[in-house]
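Protein chains in written order, with our numbering: chain A, 11 to 557; chain B, 856 to 1592.
A quick write-up on the structure given underneath.
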């Protein structure tokens, strides 16, 4: 624990601002007193002692220390407000297609999305993204005619690639091999979603690469899954974990796999203690994978939020002066007589003829295609605004753990380790020097971002992908172990505690029991969990709610 | 003549039986069936009509030509006529409106759910759900509708009227795509019925002012005029008036209580908000030895440790719903019930919402911020909470202070570093002084409010007054039946005690006045305290007045007895409304001042009926004793008979007024002045039963004191059933009362 550093920091702050009544951090924690360091889930720089309904929305001390509070406020503003289709003014640039009109729809109170029974892009709390892929050759490749995060909103003359009103989400009951029942008689319910979209809901043909060839698919050859948002807080801290710590964790788990403790291993990515594939951005540097369920991203500055602000809303920025769009869509839209009819008038309200003459030729079909696939669109979000968003993104604190001194919670923690849960839900990490990497646009660096060097943090994830082999599992079945920190507050913060990638678990017990299928990496732990008495099972739940 | 009399009163008896039958039918087959086949069935209407005709005939033929009495009875004819008009021409129904889909039909609320049509089209232009600040609990639904050429808003406390139709916000479509409105159309009935109520009130006032009424004769009979005159005056006044959860130590909690908070649209000591919060949820201002300040700070800083505390006081229905043995539920139990979409009462929902508001930070607005505007100085300051959306452009240190100081307190609470916490509280205080110093209430004002709020005097005071009142009353009745008056020592001691009580009340009320800056009559709680103040004052100044008027008749000191009683009951009602302080703007229906009056008047009436019962019981016991001892005190028998009869008049009048105030309130709130709710029906039954007791001249057997006393004792069973039994056995919309 870096108490000494903190004391020095605080003392200097105190000297710096002793005249200012408003500075509250000019007090040093009492070095005499000792607390479990685990209370500080996000380390001393990244933890907030707050259990209110905005517990996930608080800035870290690092924001204050780096003097970035104005940028944080501005970033928060971008996150919280809706975007609109204007071509100027605040929050302009929504569309022509979009997944949502703003960020909060998917991140209720900055937390995990809530379980939905229908897909409505305008519903607050609907954190679902549709995942569509081919089911022909076993590769589960995303459809190429739709964007990776399929859009259901369209503006101007355009039509949505998928008509969301026709999306059907059915929740089906699942009975596990134990009849959803513990030996002492306590029961639980398991449900999972089955999503169907009829042919007539699609505006574009269904095309995917099958065995390397672009192939048109029937509706029945398309797999559909839901992926919900998770909380945003603490991502800056996860970004500060050094690459080699994550590599070491993968290496350890590969050995565990070789020794038979794990049933599945992502050997295509990691074999013999070495990465076979990295995440690379425009800077061509190899980065260790760390963000999204699919672990498709490396450093935070080119991961979840940095991309979402562009591809959810289709708001262009200096390094992305193009739309989140597929050629297949552009082709269909450009040939659509309805679009052709309205486009010539509409485009005049959007672009300047001198800047984008390619959208103003005599060929309307060509104009539409050129507009949608344009790489030279006006900038809608400035560099500075993007940096501010990233200050906010990196600056969100993790709520402190609660109740850890409670006897039952202590018992829960003991069991959590004993049962092997902590193998994948790795309790703690220590961050490195936290040098900022921005693979795509080198806008973010050590000077303009809040940083978290050398913090002991408690996210409860191993930053590795595993398989739980659930009914209607996530696409490919591979899923990064989700951080558990702060989730216990969800009930108070968002009014719901839905868990797992598609929110199928409505409480902790359901989430635990979904880990238990015969081929799951967590099978043994669940068998042991089932062998516990109710008192002990509840203790584990209480512990998970406390961290 | 005799025959008509016998028939008319028998008819009333049959009507009472029918009403009882109706409430039983309702219990088993539902309100709609009970209304259709009993309450408004043709035979019931015929019975009412016959009884009315009989009554009119009797009144015309009677030798008693007192026009107050005639007017009083005539007003009942008008009320009944109004009801008939409502029954014949009034329509109650519901309409479900979808956004921008005009309609001109609605469903009538009868047994068969008939389709009806408006003589105009109705269209929903906009529909909004309004939430409690910072929560997702709906507080109000607001529909913007267009009816014919008129557009307007319907919400929980806004009725929309068009062409005789009234629209009330009732709910919304399951999928939030539209709004459900209650439709009420009653073009003639309401006006006529209200005229009846007005006439009734008028005739009651005249009745008490007239000489030669039976009431006056009774008064003369037992020479208790002085006292009863006071009583009548007071009654008239009444009708006119309106594992230990984690937290911080008491010392630090108290310091937080000493901060200022912007709450209920004004600056107040935090401790007031904290007391309101705890009282609203738990019903008391302390929880397991923790002060209200500690409870509040505990919920604010470590809510998770409070989620399993059984401290949410429930109404009977919620208790049944949750299948609890205790009256107190935990937050988690309520949360689970809400997840399962159980129909929790508004009371439970309000408590949940209150916690939601606390957790969202909306409740704790303790950060003043001086805006740069050109407006007058008082508008420069805005009060923010930690969870507020802060304006852009706030200075960094200020922004951080608002955003983080409570988090730091949270950290110190966890570290149990209270010395440092004191420093932070001092900073919070200094911040308030620095920015809003000129706006903050003065030190004296502030302390006054805090002390005032901390003294929870309502309950002990009410209990004391009611107890003294009841004891004095029993003594008084016993003495009266022996033709004795109260001994001087008893009078003097109760007078002195009343004087002290009055002094205390005076201080409390003036403090309240000083703090709030308006006469303490703005809500039910204050009004009832003021009423108690007046009741005591009258009894206290009465001897002076009596001396001035050189009244040398032997004094019975009855005014002191009745003042204790009335004051006590007023304090009791004020206590009841105090346990539900108004923090959230929920249930506009229950916030109307009419409600407080309705409750107070009915309570007073029940209280008087209770004394009548006691008086009669005592008389019956005395008679039994005399019967066995062979002695008889004719004067005593007559006196107690007269006392019961005297009290019957104000009791029955108050009951009638109370019921009709309730009807007016229901009409405003629910679009219908009479809904055959079990409690309504039983209040009516009680009224009719006691009205029988007043008609001693017409109902011969009641002229026998023994029979009369027996009747009064048995009749009180109806009061008991109305007050307690209905809630437990029959339910209905009064289940909270």
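We put the CB at the ideal spot given by N, CA and C, even for glycine.
C-beta atoms of residue i and residue j nearer than 7 Å
| i | j | result |
| --- | --- | --- |
| residue 1349 of chain B | residue 1390 of chain B | no |
| residue 383 of chain A | residue 325 of chain A | no |
| residue 219 of chain A | residue 162 of chain A | no |
| residue 947 of chain B | residue 1032 of chain B | no |
| residue 402 of chain A | residue 199 of chain A | no |
| residue 369 of chain A | residue 380 of chain A | yes |
| residue 181 of chain A | residue 203 of chain A | yes |
| residue 251 of chain A | residue 488 of chain A | no |
| residue 1470 of chain B | residue 1499 of chain B | yes |
| residue 565 of chain A | residue 246 of chain A | A question about residue 565 of chain A goes unanswered here, because the residues of chain A that appear run from 11 up to 557. |
| residue 409 of chain A | residue 499 of chain A | yes |
| residue 283 of chain A | residue 261 of chain A | yes |
Span of the beta strand (DSSP E) around residue i
| i | result |
| --- | --- |
| residue 10 of chain A | In the structure displayed, chain A extends from 11 to 557; residue 10 of chain A sits before or after that span and is not available. |
| residue 136 of chain A | Here residue 136 of chain A belongs to no beta strand (DSSP E), and DSSP marks it neither H nor E. |
| residue 237 of chain A | 232-238 |
| residue 885 of chain B | Taken as a continuous stretch (DSSP letters only), residue 885 of chain B belongs to no beta strand (DSSP E), as it is neither H nor E. |
| residue 49 of chain A | No beta strand (DSSP E) contains residue 49 of chain A, which DSSP labels as neither H nor E. |
| residue 169 of chain A | No beta strand (DSSP E) contains residue 169 of chain A, which DSSP labels as neither H nor E. |
| residue 500 of chain A | Element bounds for residue 500 of chain A: not the beta strand (DSSP E) but the alpha helix (DSSP H), 500-504. |
| residue 1224 of chain B | 1222-1225 |
| residue 1121 of chain B | 1121-1124 |
| residue 1260 of chain B | First-last for residue 1260 of chain B: 1251-1270, but that is the alpha helix (DSSP H), not the beta strand (DSSP E). |
| residue 200 of chain A | 200-206 |
Candidates the options: closest to residue i by CA position
| i | options | result |
| --- | --- | --- |
| residue 1601 of chain B | B:1007, B:978, B:1423, B:1365 | This structure does not reach residue 1601 of chain B, given that chain B is present from 856 up to 1592, and the question cannot be answered. |
| residue 378 of chain A | A:487, A:499, A:166, A:207 | A:166 |
| residue 1024 of chain B | B:1002, B:950, B:1421 | B:950 |
| residue 358 of chain A | A:337, A:374, A:343, A:304 | A:374 |
| residue 1150 of chain B | B:1183, B:1064, B:1108 | B:1108 |
| residue 1465 of chain B | B:1513, B:1329, B:1121 | B:1329 |
| residue 323 of chain A | A:335, A:498, A:104 | A:104 |
| residue 1113 of chain B | B:1100, B:1136, B:1147 | B:1147 |
| residue 298 of chain A | A:147, A:411, A:259, A:265 | A:259 |
| residue 64 of chain A | B:1144, B:1213, B:954 | B:1213 |
| residue 110 of chain A | A:283, A:159, A:278 | A:159 |
| residue 294 of chain A | A:93, A:284, A:308 | A:308 |
| residue 1126 of chain B | B:1413, B:1215, B:1307 | B:1307 |
| residue 1105 of chain B | B:1388, B:887, B:1558, B:1144 | B:1144 |
| residue 446 of chain A | A:400, A:433, A:479 | A:400 |
| residue 526 of chain A | A:480, A:434, A:547, A:475 | A:480 |
| residue 1051 of chain B | B:934, B:1396, B:1474 | B:934 |
Check: residue i C-beta below 6 Å from any heavy atom of the ligand MG
| i | result |
| --- | --- |
| residue 221 of chain A | This structure does not include the ligand MG; it has no bound ligands of any sort. |
Span of the alpha helix (DSSP H), counted from its first residue to its last, around residue i
| i | result |
| --- | --- |
| residue 1564 of chain B | 1560-1575 |
| residue 944 of chain B | 922-944 |
| residue 279 of chain A | Segment: none, residue 279 of chain A is in no alpha helix (DSSP H) and carries neither H nor E. |
| residue 6 of chain A | Nothing about residue 6 of chain A can be reported from this structure: the residues present for chain A run from 11 to 557 only. |
| residue 476 of chain A | From DSSP, residue 476 of chain A is part of no alpha helix (DSSP H) but of the beta strand (DSSP E) over 475-477. |
* Asked: Are the segment 447-456 of chain A and the segment 864-878 of chain B touching, with three or more C-beta to C-beta distances below 8 Å?
  -> no
* Are there three or more Cβ pairs, one per stretch, closer than 8 Å when the segment 360-368 of chain A is compared with the segment 130-149 of chain A? -> no
* Asked: Between the segment 1540-1547 of chain B and the segment 956-965 of chain B, do at least 3 Cβ pairs fall closer than 8 Å?
  -> no
* Asked: Can we say the segment 457-468 of chain A touches the segment 427-441 of chain A, given the rule of at least three CB pairs closer than 8 Å?
  -> These segments touch.
* Asked: Of all the alpha helix (DSSP H) runs that stay within the bounds of the segment 1302-1369 of chain B, which reach a length of 4 or more residues?
  -> Unbroken alpha helix (DSSP H) runs of no fewer than 4 residues, entirely contained in the segment 1302-1369 of chain B, are found at 1313-1336, following chain order.
* Can we say the segment 935-945 of chain B touches the segment 895-915 of chain B, given the rule of at least three CB pairs closer than 8 Å? -> Because the criterion of three Cβ pairs below 8 Å is met, the segment 935-945 of chain B and the segment 895-915 of chain B touch.
* Asked: When you check each C-beta in the segment 55-72 of chain A against every C-beta of chain D, which residues fall closer than 7 Å?
  -> Checking the listed chains, one finds no chain D in this structure; the protein chains it contains are A and B.
* Contact between the segment 410-418 of chain A and the segment 331-348 of chain A (3+ Cβ pairs under 8 Å) -> no
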